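Heads up, the thing below is written out as structure tokens.
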Amino acid sequence: MKTYLVGGSVRDELLGLPVKDHDYVVVGSTPEEMARLGYRPVGKDFPVFLHPQSQEQYALARTERKISRGYKGFEVYAAPEVTLQEDLARRDLTINAIAKDQDGNIIDPFNGVADLEAGLLRHISPAFSEDPVRVLRTARFAARFGFRIAPETLALMNDMVHNGEVDALVPERVWQEFARGLMEHKPSRMFYALRECGALTRIMPEVDALFGVPQPAQHHPEIDTGLHSMLVIDYAASQNYSLPVRFAALTHDLGKSTTPPQEWPRHIGHEARSVQLVKDLSERIRAPNDERDLALLAARYHGDVHRAAELRPTTIADMLQAVDAYRKPERFEEFLQACACDFHGRPGYAEKSYPQAERLRAAFSAAQSVDAGAIAAELAKTIADPTCLPGAINARVRETRVAEIKVRLD
């Protein structure tokens, strides 16, 4: 029985990055022996165990054989005779197939160290094409490390798109990989990589359709809507914003892809069209409720937020109600962050001020100062018909909030 540190922990250590999790491969053992030594089995699809003290993962060396389409379509073989090199050979990229033994020696049968030094993402074998998740993972690693994809690997990814293997991806894995990619330092690299191999139009056609759609140059120096969306998510990443904000930043302009070309570069009413596209996309990739809901709000109201200086107090009050700011003030702040990303995600705009957000924060603070409970109690004393009371309360609360907003903003 021999134990080796493998995968991302070795890769990240060689890159000088913080190592969060350690994964180990065990060669020459059996599930029965692991259990006898106190390791706790946790793997459903193949033998994985938790160390009795450290709780780190130890997997028995294994090989895989493709038996059906999709990322779960594998038959796993784990036995004492499976070698370390055989286990490493089933992995996706050379940089993820580096091991370290208990003496600190590096085992690198596929030249992953050289690819790390060259900043290259390269597949190990043609078996790469058997798992469609690897297309997403490779694009995500491009975002994480800023590495380029080897031409032969990109060609293989393109083949996986055209032969339909990518279509076998399940929504949950699509969301998982996209979510992780959006949280990288430069998430746009993931989307550019997916476009380059043709996968984006199959997985997120709503986003892919934005590329090549022009916008008014006086507001968008970058002109191209797809490029703008990439700048927006990269700005969100530069501010270390949350995943819901980044997803909203990605999807806020989806409706511009449906503008008739004869109306270009203007996109009147794209906000309302964006809402339905966000709903469709979120449902298809199983986006969580928090991400979906914030994206819907940013899609619908980002244009109004940009025009905050022109909005009447009544319009602002209605928007605060519509985005549920009173019950969910934290989400309202994320909503403003997403709208600010839209503004700053343009060449030369990153350092510009965005007073619209501060104006709406001030309006919200003024509206929050209204004591709705006190108003309800007062009206309850004067309105005899209880069926009229809720409507009267809502009207008075709104009227008072509008007045407070007007005083604060004047």
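Positions 665 to 1074 (my numbering) are the ones given, in order, by the sequence shown. Where a beta carbon is used, it is the ideal one built from N, C-alpha and C, also for glycine. Just so you know, these numbers come straight off a predicted model, no measurement behind them.
Looking at the unbroken alpha helix (DSSP H) that takes in Phe809, where does it start and where does it end?
797 to 809
For Glu829 and Ser1033, what's the separation of their Cα atoms in angstroms?
56 Å
Could you spell out the range, first to last residue, of the beta strand (DSSP E) harbouring Phe710?
From DSSP, Phe710 is part of no beta strand (DSSP E); its letter is neither H nor E.
Taking only the alpha-carbon atoms, compute the straight-line gap between Arg675 and His1008 and give it to the nearest angstrom.
34 Å
From Pro925 to Pro878, what distance separates their C-alpha atoms?
9 Å
Residue environment, Pro790, which counts as buried when at least 16 other CB atoms sit within 10 Å:
exposed
When the Cα atoms are used, what is the spatial distance from Glu994 to Pro908?
12 Å
Contiguous alpha helix (DSSP H) assignments of at least 4 residues, all confined to the stretch 906 to 958
907 to 915, 934 to 948
Thinking C-beta only, is Ala807 closer than 7 Å to Glu848?
yes
Starting from Lys684, trace the beta strand (DSSP E) in both directions and tell me its first and last residue.
Careful: Lys684 lies outside any beta strand (DSSP E) and carries neither H nor E.
Ala725 and Val740 closer than 7 Å at C-beta
no
Hey, how far is the Cα of Gly692 from the Cα of Asp779?
29 Å
With a CB to CB cut of under 6 Å and the five nearest residues on each side skipped, what residues in its chain are close to Ala1076?
The structure shown does not extend to residue 1076, since the chain is modelled only from 665 to 1074, so the question has no answer here.
Residue from Val799, Asp765, Pro815 with nearest C-alpha to Glu841:
Val799
Rounded C-alpha distance that separates Arg1060 from Ile1047
13 Å
Buried or exposed, going by whether 16 or more other CB atoms sit within 10 Å of the CB of Pro885?
exposed
Report back the beta-carbon spacing between Ala1026 and Leu1073 to the nearest angstrom; my notes put them in contact at under 8 Å.
7 Å
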